[in-house]
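Take the sequence shown: its position 200, counted from the start at 1, is 206 in this note's numbering, and no numbers get skipped. Think of the CB as a built atom: it goes at the ideal place given N, C-alpha and C, for glycine as much as any other residue. For reference, the structure discussed in these notes is given below.
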Amino acid sequence: MHWAKMHSHARFNLATSGVGSFPLRELPVTIEQLEINGDSAYGYAPLQQAIANKCEVDPDCVVAAAGTSMANHLAMATLLDPGDEVLIEEPTYELLTSTLLYLGATIKRFARSEESGYALNAAEIRRVITPKTKLIVLTNLHNPSSVLAPESVLREVGDLARSVRAHVLVDEVYLDAAYTDRPRSSYYLGPEFVVTTSLTKVYGLSGLRCGWILAQPDLARAMWRVNDLFASIPSHPAELLSVVAFQNLDRIRERGRKIIEADRVLLNDFLDHQKGVSAPRTKFGTTAIVRLMDGVVEPFLARLRAEYETTLVPGRFFDLPNHFRIGMGVDTEMFSEGLKRIARALES
Ligand SMILES: Cc1ncc(COP(=O)(O)O)c(C=O)c1O
């Protein structure tokens with residue numbers, strides 16, 4: 007996160023992970039609809055209802071949070087005590103492991119191997135799960151690969167968790183970028199599932215910090231109380247804007263879809279023609295994790311930035327030092343030029 011904030015910016019920034027910003031002027035909202043303070047002690051009721059409607063759950067299962075980041079933190083802080091055993095996929099989004107470490111969890115990893123195209127494999131979890139396991143953590147779509155986990159495998163993971171009375175935390179911040187076959191949230195697979203997400207990545211609405219957790223009502227109540235220690239009261243103007251965003255969500259999602267799909271066509275063409283890299287092809291998602299076949303990634307990325315004004319995320323943040331991550335969904339012209347520059351850097 008620190009690297010993303012401080013070092014990712016460039017003229018051709020392909021070090022992104024979400025859709026480009028949705029402009030406020032395209033939301034049908036006027037200043038009269040906004041207010042500074044509101045009635046949002048444990049959730050602003052219209053926003054709770056909007057999230058519940060979208061997710062087809064009862065509002066009692068919804069905990070609003072400041073982005074998926076805070077949603078993950080609240081969920082983990084509520085589900086874990088220091089020393090508890092947690093299984094987390096490898097590779098994954100680095101902030102998930104660092105939050106677990108911050109909370110004092112004992113971390114064990116289960117592989118999503120490059121050879122398997124980063125597939126979620128319940129057998130890998132079975133290999134490391136113990137009666138002491140309290141939580142299994144994964145992302146769906148997977149960050150960094152954007153691979154979608156099939157419901158059948160998620161069910162197997164749920165069965166494993168249930169067998170030791172553990173929970174499964176699924177970070178679904180990218181799931182709404184699965185534009186066809188509309189996969190269901192893991193939340194519907196059983197009470198052991200806890201799901202986190204937000205309007206950040208797929209909708210370009212990061213500034214609203216509209217995130218949430220789906221959890222069984224007793225857990226949800228506990229998470230609200232943990233939130234009293236952190237964000238406590240949310241920004242009410244952001245809550246009001248989020249309600250308007252939910253009323254326009256299909257249109258906002260469609261805007262992102264068009265950019266991502268155009269970018270993916272370019273990415274696939276790039277991968278087809280570049281012998282120096284390899285990556286699993288995915289149907290959905292805003293990121294791809296790419297192996298540099300020859301050479302060392304860090305100097306390559308430094309040269310790409312210095313000579314070609316183009317940035318990519320170093321794979322070391324995912325414990326993949328021979329890789330880099332490419333982000334789609336911001337601006338197709340920029341993406342196209344960025345890919346051309348990567349190609350030139352690879353060739354030179
Ligand atoms: C898997 C994952 N979860 C959470 C986040 C943070 O999401 P938010 O901006 O909603 O806090 C990211 C950001 O890159 C992410 O990749």
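The beta-carbon separation of Phe330 and Val296, rounded to 6 Å, stays under the 8 Å limit for a contact. Annotated three-state conformation of Arg215 is coil, per DSSP.
Contact check for Arg118 against Glu91 fails: the beta carbons are separated by 8 Å or more. Taking a C-beta distance under 8 Å as the contact criterion, Phe290 and Ala184 qualify as a contact pair. By the criterion of a C-beta distance shorter than 7 Å, Leu307 is surrounded in its chain by Leu318, Pro320 and Phe330, once the five residues flanking it on both sides are discounted. Taking 3 residues as the minimum length, the beta strand (DSSP E) runs contained wholly in the segment 89-150 are 91-96, 112-117 and 139-145, in order along the chain.
For ligand 1, residues qualifying as neighbours are Ser23, Gly73, Thr74, Ser75, Tyr99, Thr145, Asn149, Asp177, Val179, Ser204, Thr206, Ser212 and Gly217, where qualification means a beta carbon closer than 6 Å to at least one of its heavy atoms (chain order). With a minimum length of 4 residues, the unbroken runs of alpha helix (DSSP H) contained wholly in the segment 291-315 fall at 303-314.
For Ala51, there is no enclosing beta strand (DSSP E); the residue is part of the alpha helix (DSSP H) that begins and ends at Ala51 to Cys61.
A direct Cα-to-Cα measurement between Ser104 and His79 gives close to 10 Å. Under the three-state reduction of DSSP output, Ser46 falls in the coil class, being neither helix nor strand.
Under the three-state reduction of DSSP, Leu33 is assigned to coil, being neither helix nor strand. The DSSP-derived three-state label of Thr202 is strand. With fewer than 16 other CB atoms across the displayed protein chains lying within 10 angstroms of its CB, Tyr108 is exposed.
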